[in-house]
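In the UniProt record's numbering, the protein residues as written are 1 to 686.
What follows is the structure, given as structure tokens:
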């Protein structure tokens, strides 16, 4: 991964600094009971409002108790999303491109590996360094994210692996002795992975979309491990059993046979059945010299028992280890404790205790000298997870198993060329212009389309087309590349405009419809929520503004007067849509008449704040009210765009507001009663 980051910097790609994705949160004492050291466990709040800002290359910081962990990340290419999601009840869905996958390194640590996937409400990440494998995952119970090393867990991975088939009893010493990863050329082709999930994963995750997010995030981490070995992989299909599946055995060998019997054809080069069932005890894979291109489909399949990350502590690194390990067998690698290595049929390590017979169907325990446990940790094809040293992902597969895998890929004549094509062209289409597909595979054909339809006209064919603007807004241009291994979609999103945004489309909510202000209040305005825009200018009379982020800014009003002549001010905004400036849109602001009589900030209690699932608003029992006095009040809750998300009138004493469906972030609560208006900022946090 260091090479990819260095190449990006050589191409002058800017790594955008993002420091607000995560914030430290309080410790969960119950959760800490699962770890050896509580000081090495970090609880984090995920600020998903920053989700949209994560693009191409980012420098991301994670706040830990010991300081900031700085990551340098690159977004995966469009070809990542070329897979299909197919279900047992007949659905066929395109990949969810709203899931953002990144790969990279820890800044300043050339030996590190990082793979992180961002979803709207969840982050799944792996950071591998010399210190171990660190998980970044959502704790479903608390709604917060947790960062920790799997070495710190009291519970240890109990994973046993079996292999099926005639097996490999001898490796070519010349292949094993290659001194570097680059000695065997294996980067020009891609190995396509087919994943199938048992019904229990759908039941646990709750939806097809959630299953896809889980599998794609796990694959991103597995693919990063293989990419570090100069092996390019991709997902070809995720098959989800939304109905009862035919896999019933809790015996690994029989379960693999059931998978092989049921899946006689699949979309991909290698396939794997995933299950959350713990009674199967590990994983199993076919083990043949020609596994990748074996004409017998059954010899290209494996089974992996995953750890249910919705239970206790989310341990994605264990899942990643099992998935990568079983695919390693399909690539032709034996365990590192097998007596087949070093050119003399000895073992690389003795982490299992026994050393395997060169004949995988043979028995015995001490078939060659036991080399002991490596002090620096084991590699992916080892059983060093059974020892205190653990498995270090930044060691990868190790040189010899890695050479076996690279040689297997280099000699597989059934694989297709990697698709790393991109579309070049302007980000703003203000007049006719050309878009070109770069690095298309040799011999492929290309077709073009835009979405939504009618926003841009297309003329031409082949690897270059001419586009003409026909509407205002965001457009996605898709180049569908047809290869011998199927279709791959590459996309570019741009903005097209035939004229400026009309002022009627510019919104200055929430106060455009009720333009009143009270003293010492600060308001947020959001221009154009339904129109793409990229620049704005603001003018304020009797005040000033402060930009918070792209699309949000605060207005501060001066010279407030609580009695006639009432204070007044105006805010004017004009917006640039990438091609044209709009006219100015103005709104006037006035003193809230009910503010003149003074407010009562102590009259109401709002709690908890931050809030998770329920916000309480009630009269303060310590504030005296006259007998018979009308104490009814109204509440409105607005989001950051000024959209009303909750409203209730005529409340007598208190109200409970259900906030479970609200996204994390800031909201603005209005409490109206006879003496005035109170505005409070509420934070929804999970």
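Don't be surprised by glycine CBs; every beta carbon is placed ideally from N, CA and C. Here the structure is a predicted model, which is why all the values come from computation and not from measurement.
Coarse secondary structure for residue i, derived from DSSP in three states
i	result
residue 276	coil
residue 11	coil
residue 31	helix
residue 493	strand
residue 549	Caution is warranted here: a pLDDT of 49 is assigned to residue 549, below 50, making its placement in the model unreliable, and no coordinate value can be reported.
residue 597	Unreliable positioning characterises residue 597 in this predicted model, as indicated by a pLDDT of 41, which lies under 50. The coordinate reading is nonetheless provided below. The answer is helix: DSSP assigns residue 597 an H, G or I state.
residue 300	helix
residue 293	coil
residue 184	coil
residue 610	coil
residue 686	coil
residue 255	helix
residue 68	strand
residue 195	strand
residue 179	coil
residue 54	coil
residue 49	helix
residue 584	coil
residue 520	Any reading at residue 520 is ruled out, since the residue's pLDDT is 47, under 50, leaving its predicted position unreliable.
residue 678	strand
residue 321	helix
residue 668	strand
residue 662	coil
residue 76	coil
Proximity below 7 Å, CB of residue i to CB of residue j
i	j	result
residue 374	residue 350	no
residue 60	residue 71	yes
residue 338	residue 356	yes
residue 434	residue 459	no
residue 272	residue 304	yes
residue 137	residue 314	yes
residue 617	residue 655	yes
residue 575	residue 586	no
residue 263	residue 236	no
residue 536	residue 571	no
residue 451	residue 476	yes
residue 86	residue 92	yes
residue 497	residue 448	no
residue 495	residue 470	no
residue 111	residue 317	no
residue 410	residue 185	yes
residue 163	residue 385	no
residue 604	residue 501	no
residue 276	residue 250	no
Closer than 6 Å: residue i CB and nearest the ligand PLP heavy atom
i	result
residue 267	The ligand PLP is absent from the structure shown, which contains no ligands of any kind.
Sheet register partners of residue i (DSSP bridge)
i	result
residue 135	126, 148
residue 646	637
residue 86	92, 239
residue 24	44
residue 706	Coverage of the chain is limited to positions 1 through 686, which leaves residue 706 absent and any answer about it impossible.
residue 534	Its beta-bridge partners do not exist; DSSP assigns none.
residue 161	283
residue 61	70
residue 233	191
residue 570	541, 588
residue 100	118
residue 271	194, 301
Worksheet item: Which runs of the beta strand (DSSP E), 3 residues or longer, sit entirely within the stretch 362-449?
Response: 422-424, 433-438
Item to complete: State whether the stretch 236-255 contacts the stretch 115-122, with contact taken as three or more CB pairs (one from each stretch) at a distance under 8 Å.
Response: no
Worksheet item: Below 8 Å, can you find three or more Cβ-Cβ pairs linking the stretch 483-498 to the stretch 412-430?
Response: yes
Worksheet item: Any chance the stretch 200-210 sits against the stretch 155-163, with 3 or more Cβ pairs inside 8 Å?
Response: no
Worksheet item: Could you give the uninterrupted runs of the alpha helix (DSSP H) lying entirely in the stretch 323-369, keeping only those of 4 residues or more?
Response: none
Practice prompt. For the stretch 445-482, list the beta strand (DSSP E) runs that are entirely contained and at least 3 residues long, ordered along the chain.
Written response: 445-451, 456-459, 464-469
Worksheet item: Would the stretch 51-58 and the stretch 205-218 be scored as touching if the rule is three or more Cβ pairs under 8 Å?
Response: no
Worksheet item: Okay, do the stretch 401-410 and the stretch 173-186 touch, 3+ Cβ pairs below 8 Å being the bar?
Response: yes
Worksheet item: Taking contact to mean at least 3 C-beta pairs separated by less than 8 Å, is the stretch 632-641 in contact with the stretch 658-677?
Response: yes
Worksheet item: Does the stretch 427-441 come close enough to the stretch 284-301 that 3 or more CB-CB pairs lie under 8 Å?
Response: no
Worksheet item: Between the stretch 100-107 and the stretch 253-268, are three or more C-beta pairs nearer than 8 Å?
Response: no
Worksheet item: Is the stretch 214-231 touching the stretch 386-396, taking contact as three or more C-beta pairs under 8 Å?
Response: yes
Discussion item. Could you check whether the stretch 24-32 touches the stretch 1-10, counting it as contact only if at least three pairs of C-beta atoms, one from each stretch, sit closer than 8 Å?
Written reply: no
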